Amino acid sequence: MAGAVESRLAELGLALPAVVPPLASYQPAVQSGVYVYTSGQLPMVDGKLAVTGKVGAEVTPDEAKELAKTCALNALAAVKSVAGDLDRIKRVVKVVGFVASASDFTGQPAVINGASELLGAVLGDKGVHARSAVGVAVLPLDAPVEVEVQVELVEA
Numbered sequence: 027m028a029g030a031v032e033s034r035l036a037e038l039g040l041a042l043p044a045v046v047p048p049l050a051s052y053q054p055a056v057q058s059g060v061y062v063y064t065s066g067q068l069p070m071v072d073g074k075l076a077v078t079g080k081v082g083a084e085v086t087p088d089e090a091k092e093l094a095k096t097c098a099l100n101a102l103a104a105v106k107s108v109a110g111d112l113d114r115i116k117r118v119v120k121v122v123g124f125v126a127s128a129s130d131f132t133g134q135p136a137v138i139n140g141a142s143e144l145l146g147a148v149l150g151d152k153g154v155h156a157r158s159a160v161g162v163a164v165l166p167l168d169a170p171v172e173v174e175v176q177v178e179l180v181e182a
């Protein structure tokens, strides 16, 4: 039986994906005390990137915002992989988003809103968080966006 968070995802027409396997020597998420830290999550769907390139060049800001949403969904899957149940999330503490940006693109915050808005829609007040949105020259696999999340859990 799905918990409240996964039921809310279903209401939004979303399903929790399988955890994206690491691309190198790291874990998708680790727990330390009541905190779970995810590794940077790329917008992988079924094991591959649907879109590559720089935001503001090959990728539109609107496309990138949707990709950031996918990154957040992948981050939730990574959290569940160590927490066991997304209903244990007490709150999202911090989101860090990286946007592979064309040299004149300055709309990184609007792109990372895709991740922030998804977390808010799924978790309500528990999804409100501190955040950084950073423009970078390139991301792994030429991904347009990467998102990492830190959550606090209710003690088991």
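Using the numbering used here, the first residue of the sequence shown is number 27, and each one after it goes up by one. All C-beta atoms, glycine included, are put in the ideal place defined by N, C-alpha and C. Nothing here was measured: the structure is a model prediction, and the numbers come from that model.
Nearest to A156 by C-alpha distance, out of L145, L93 and A50, is L145.
A straight line joining the alpha-carbon of D168 with that of V71 spans about 15 angstroms. K152 is bridged by DSSP to nothing; it lacks a bridge partner. Only exposed fits L49, as fewer than 16 other CB atoms lie within 10 angstroms of its CB. Taking 8 angstroms as the upper bound for CB-CB distance, L40 and R114 are not in contact here, some 19 angstroms apart. Excluding sequence positions up to five before and after L93, its CB lies within less than 6 angstroms of the CB of P69, P170 and V171, all in the same chain and listed in chain order. Within the DSSP secondary-structure output, R157 pairs in a beta bridge with V121.
For secondary structure counted as the beta strand (DSSP E) over 3 or more consecutive residues, the region 35-114 holds these complete runs in sequence order: 55-58 and 61-64. Taking the Cβ atoms as the reference, Q67 lies roughly 5 angstroms from A101, within the contact range of under 8 angstroms. When the five nearest sequence neighbours on each side are left out, the beta carbons in the same chain lying within less than 7 angstroms of the beta carbon of P54 are those of V45, V46, P48, T64, S65, A104 and S107, in order along the chain.
In the structure shown, S127 adopts extended strand secondary structure according to DSSP, grouped into three states. Looking at the DSSP output, Q176 shares a beta bridge with Y63 and K120. Restricting attention to A128, A182 and V121, the CA atom closest to the CA of V154 is found in V121. Under the three-state reduction of DSSP, V171 is assigned to strand.
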